[in-house]
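Undergrad: Following my numbering from start to finish, the sequence shown increments by one per residue and tops out at 1148. Backbone N, C-alpha and C fix where the C-beta goes; we use that ideal spot for every residue, glycine too. What follows is a structure written as structure tokens; I'll ask about it next.
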Amino acid sequence: MAIESDVVVVGGGLAGATAALSAAREGAHVHLISANESTLRQASGLIDALGYPDPDADGGSTARGLLADPFAGVDDLPENHPYRVAGADALREGLALFDDAAGDLYRGGHTDRNALVATTAGRAKPTARYPRSMAPGVVSDERPMLLVGFEADTEYDAPLAAERLEAAGVPFDVAGATIAFPGDHRADAAVTRLAHALERDERVAGGHGGTAGEGRTTRQRLADRIRPHLGDAERVGLPAMLGDARIEEVRADLSERLDAAVFEVPTGPPSLPGIRLSDRLFDALDEAGVSMTTGTPVVDFASTGGAGGDRIDRVVIDRNGARIPYSAEQYVLATGGLVGKGLDSTRERATEAVFGCHVPQPDDRTDWSGEGAFADHAFARFGVDPDGTMRPLGTDGEPEYENLRAAGGVVGGADVAREKSASGVSLATGLVAGRTAAEET
């Protein structure tokens, strides 16, 4: 017997979570199936909407292509871009849904304008929403800045990042320093281990004189090591590892000790801001009554034909060798693109991995990519081609399955990496896919 729901969402990233939440808030009983832990846990935590609508040949890194207002650039996008397909209000409504679910964890909802957030690469990244812990690091703030990295973190060169920000012409003085993280930790200690040391304010050996224990906790020793580099800086950026559940306590404590606003700089995976966001969104799904199955990929499906066209009847997951069917009135596909493995690729064709939906692409594989790493590559826009309710279309221009919708990276038509639009596309298409799916139940 199949496990029944009104809507089944396949995929547990930002698009899948948005679709599930959108459908649940329309009154549908939703089940979300994810093959792995949410991809949000590997993401930076920044929510991009549209940073570069017309990226130039060097990847859109120049200021002349930067969009101050992401909403103002939507009408200039190609007609098959997910924002145009999902509708004029989809991005705004998707961000509103995100704001409600994320609550006080995020900032940026007070304005339509992009913020520029300093990154570990020394770039000013345009983003529509950013974690509260990163707020003092926005580039529009003209207070002097110190970036601090740790000796064991070879991927973050804080002095180099500071040099790049200065070269980019930021309106403030910025310096960088590299220090040792306090305590006896392995050189390859996980970022979560260091975050827990800060959150618990663990005692470390080698304190200074004074009252018992003074200077002998992780936070105090960290402040002691930063202070000689502080100079005139009024804000201090540290890698995004300042705790988990008690991050604001850690930031406030360090800020008081240094007499400077301490903030997090977004880092690569594993990403604590991404983990925090994933936890917050999945809490929202719990509160909305969404049931979830994680760690179990969809390995098969069954469909039926009828007067209204083909319909998905059920999907089948693999749980430790047992095949378990899930049935619903409506389905949402949110499995990601080529990177997320929602699309498969061989030397001949790119295909959608679960339902075999049509993926428009050049017949000649040599046309999949341009010359140079930062060229306009066709493969970056690969994905299913949906109608206005996000139903994937076949080669005949008709929906492949009457009750299947798509959201996020599996939807084609956008080079989200160059545009800086990945999160916004997930929110806009997830909102529409989930809402229209619920309306059909």
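What are the residues that DSSP puts in a beta bridge with P1032?
TA: P1032 pairs with V1023.
Undergrad: Would L872 and P838 be called neighbours here (beta carbons separated by less than 8 Å)?
TA: Contact flag unset, no.
Undergrad: Using the three-state DSSP reduction, which class does H903 fall into: helix, strand or coil?
TA: H903: helix per DSSP, three-state reduction.
Undergrad: Reducing DSSP to helix, strand and coil, say where E711 ends up.
TA: DSSP places E711 in strand when its eight states are reduced to three.
Undergrad: Helix, strand or coil: which one does DSSP assign to E1146?
TA: It is helical.
Undergrad: Would you check if the distance between the CB atom of A809 and the CB atom of L728 is smaller than 8 Å?
TA: Cβ distance not < 8 Å, so A809 and L728 don't count as in contact.
Undergrad: Write down the C-beta distance between S1128 and L757 rounded to the nearest angstrom, noting that I regard them as a contact closer than 8 Å.
TA: That belief holds up - the Cβ atoms of S1128 and L757 are roughly 5 Å apart, short of 8 Å.
Undergrad: Is the beta carbon of A940 closer than 8 Å to that of A967?
TA: Yes, the pair counts as a contact, with Cβ atoms nearer than the cut-off.
Undergrad: Would you give the residue range spanned by the beta strand (DSSP E) that G883 belongs to?
TA: G883 -> beta strand (DSSP E) spans V881 to I886.
Undergrad: Please report the distance separating the alpha-carbon of G922 from that of D931.
TA: For G922, the pLDDT reaches just 47, beneath the cut-off of 50, and the residue's location in the model is therefore unreliable, although a value from the coordinates is still provided. Roughly 8 Å between the two C-alpha positions.
Undergrad: Please specify which runs of the alpha helix (DSSP H), each continuous and at least 4 residues long, are wholly inside the segment 787-860, giving them in chain order.
TA: Listed in chain order, they are 789-793 and 797-809.
Undergrad: Give me the Cα-Cα distance between R850 and P843, rounded to the nearest whole angstrom.
TA: Distance between the alpha carbons of R850 and P843: 9 Å.
Undergrad: Grab the span of the beta strand (DSSP E) containing E1059 for me, first residue to last.
TA: Run containing E1059: A1057 to E1059, per the beta strand (DSSP E) assignment.
Undergrad: To the nearest angstrom, how far is it from the Cα of L823 to the Cα of A947?
TA: Spanning the two alpha carbons is a distance of roughly 17 Å.
Undergrad: Rounded to the nearest angstrom, what separates H738 and V1022 at their Cα positions?
TA: The alpha-carbon atoms of H738 and V1022 are separated by roughly 12 Å.
Undergrad: Output the distance between the C-alpha atoms of L905 and A912, rounded to the nearest integer angstrom.
TA: Rounded to whole angstroms, L905 to A912 spans 15 Å at the Cα level.
Undergrad: Under a three-way DSSP split, which group does T1136 fall into?
TA: In the structure shown, T1136 sits in a helix (DSSP, three-state: H, G or I).
Undergrad: Are there three or more Cβ pairs, one per stretch, closer than 8 Å when the segment 1049-1063 is compared with the segment 1089-1105?
TA: With the cut-off at 8 Å, the segment 1049-1063 and the segment 1089-1105 touch.
Undergrad: In three-state DSSP terms, what is R1112?
TA: Three-state DSSP puts R1112 in a strand.
Undergrad: Return the CA-CA distance between G720 and E858, expressed in angstroms with no decimal places.
TA: Answer to the nearest angstrom: the Cα atoms are 32 Å apart.
Undergrad: Apart from the five residues just before and just after A882, which ones in its own chain have a Cβ nearer than 6 Å to its Cβ?
TA: Only L853 and A869 meet the Cβ criterion.
Undergrad: Quick one: what's got a C-beta closer than 8 Å to G1131's C-beta in the same chain, skipping five residues either side?
TA: So the list reads I754, D755, A756, L757, P777, Y790, L798, G801, L802 and A835, once near-sequence residues are dropped.
Undergrad: Using the three-state DSSP reduction, which class does V997 fall into: helix, strand or coil?
TA: Correct three-state label for V997: coil.
Undergrad: Rounded to the nearest angstrom, what separates H915 and E1126 at their Cα positions?
TA: Per-residue confidence for H915 stands at a pLDDT of 44, beneath the threshold of 50, marking its modelled position as unreliable; the derived number appears in the next sentence. Taking the straight line from one Cα to the other gives about 50 Å.
Undergrad: Please name the residue, chosen from E1036, A828 and V846, that lies closest to N821 on a Cα-to-Cα basis.
TA: Checking every option, the nearest Cα to that of N821 belongs to V846.
Undergrad: Out of curiosity, what's the CA-to-CA distance linking A1085 and G1120?
TA: For A1085 and G1120, the distance between alpha carbons rounds to 9 Å.
Undergrad: Quick one: residues in its chain with C-beta nearer than 6 Å to the C-beta of S741, no 5 flanking neighbours on either side, listed in chain order?
TA: Answer for S741: G719 and T1001, listed in chain order.
Undergrad: Where DSSP assigns a beta bridge to T1011, which residues make up the other side?
TA: Partner(s): R1018.
Undergrad: Which value, in whole angstroms, describes the spacing of the CA atoms of I933 and P980?
TA: Taking the straight line from one Cα to the other gives about 23 Å.
Undergrad: Short of 6 Å in beta carbon distance, which residues of its chain neighbour D908, apart from the five on each side in sequence? Order them along the chain.
TA: T924, T925 and R926, listed in sequence order.
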